[in-house]
Amino acid sequence: MKTTVKKFKFFSAHEDEAQEAWLQDMGKQGLHFTGFDRVGRFTFARGEPAHMAYRIDYIDRWKTDDYSRLFEDAGWERVADLFGWFYWRKPVADGVVPEIYTDPQSKIAKLQRMLVTIAAIAAVFVFLALPYDDVPMYLVIALVVFVPFNTYQSYLLLKRIRELRNPA
Amino acid sequence: MELNFSKYLPLSEASFYVMAALDAPMHGYAIMQKVEAMSEGSVVIGPGTLYGAFTTLEKQGLIAKVSEIDRRKSYALTERGRLVLAEHIRRLAIMVRNGEAALSILNKGNAA
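Respectively, the protein sequence lines represent chains H and V.
The numbering used here applies: residue 1 is where the first sequence begins, and numbers increase by one.
The numbering used here applies: residue 1 is where the second sequence begins, and numbers increase by one.
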């Protein structure tokens with residue numbers, strides 16, 4: 001049996017819970033998340049099955065020393081970080097899966113941070129293209145890829161935020 | 001100090017407890033433990049929520065960083081923070097008084 005397993009899997013920005021549940025499930029099967037070796041490709045180390053909680057955060061600042069320190073003090077281990085997304089892990093004790101966000105307002109704030117960044121990326125490409133009569137190829141490609149994709153991701157995030165604001 | 005309290009109030013439960021815990025300067029994780037003890041286990045603030053509360057309260061000028069040792073930032077309540085906390089508690093006390101009065105009427109109604 002191979003000791004390292006790699007899997008490609010795509011998750012939308014708003015699908016944190018699905019991603020966390022998937023990583024937790026993999027851990028129960030003995031596959032422990034170690035990081036990304038490529039965008040979208042999860043790497044796992046094979047070991048003993050363990051019940052570990054995985055939580056994903058999104059931070060939009062450059063200096064994150066005190067942020068990491070707080071999580072480490074609280075018993076969380078940083079598994080990976082990629083473009084502002086942080087993957088944290090902590091053992092599950094007494095069947096209670098620990099959370100990093102313990103109220104709906106801060107959970108919503110995290111999604112709003114993602115939304116701002118994702119929408120801003122699309123907006124930046126649009127603004128870059130505006131002054132051109134003959135838009136250069138790299139910008140055309142960026143526009144064709146990012147504008148629809150980021151707009152759709154933004155829509156999904158807004159929908160999720162609305163769901164969290166109005167629990168049924 | 002003339003303060004527009006509506007800019008800061010009402011405080012979220014997490015923000016209130018963070019501010020109430022800062023009777024002396026303290027760093028993140030120590031605040032997390034103190035809040036759990038103060039609320040007798042009913043309020044547990046996760047690190048993501050706590051970090052967000054620090055960012056917001058600092059931006060609003062209600063707390064300020066006093067030191068950073070070993071990557072741990074310690075915060076203290078500012079004068080503005082102290083006034084906002086006092087006003088929040090004043091309003092909470094009125095709410096509790098009104099709530100208890102309403103409950104005693106409702107309970108009498110049920111007993112009858």
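The beta-carbon is built from N, C-alpha and C at its ideal position, and this holds for glycine as well.
Predicted model, so just to flag it, every value in this text is computed and none were measured.
- The DSSP-derived three-state label of Ala93(H) is strand.
- For Arg69(H), the neighbours in chain V by C-beta distance under 7 Å run, in chain order, Arg71, Arg72.
- Listed in chain order, the positions of the stretch 105-126 of chain H with a beta carbon within less than 9 Å of a beta carbon of chain V are Gln105, Ser106, Lys107, Ala109, Lys110.
- Of the candidates Tyr54(H), Arg46(H), Thr64(H), Val97(H), the residue whose Cα lies closest to the Cα of Gly52(V) is Thr64(H).
- In the structure shown, Trp85(H) adopts extended strand secondary structure according to DSSP, grouped into three states.
- When 8 Å is used as the limit between beta carbons, Ile161(H) is near no residue of chain V, the shortest such separation being about 15 Å.
- Secondary structure remark: continuous alpha helix (DSSP H) runs of at least 4 residues inside the stretch 97-133 of chain H, in chain order: 104-129.
- Counting the other Cβ atoms within 10 Å of the Cβ of Pro47(V) gives 16 or more, which makes it buried.
- Sequence-distant partners of Leu115(H) (beyond 5 residues in either direction) whose C-beta falls short of 6 Å from its own C-beta, in its chain, are Ser154, Leu157.
- Assigned with DSSP and collapsed to three states, Arg78(H) falls in strand.
- Pairing Ala80(H) with Ala111(V), the inter-Cα distance amounts to about 59 Å.
- Following the DSSP letters along the chain, one finds Gly35(H) in no alpha helix (DSSP H) but inside the beta strand (DSSP E) bounded by residues 31-38.
- In this structure, Tyr54(H) lies near Leu23(H), with their beta-carbon atoms less than 8 Å apart.
- Glu72(H) sits in a helix when the DSSP states are folded into three classes.
- Within chain H, the residues whose beta carbon sits less than 7 Å from that of Val44(V) are Thr102, listed in sequence order.
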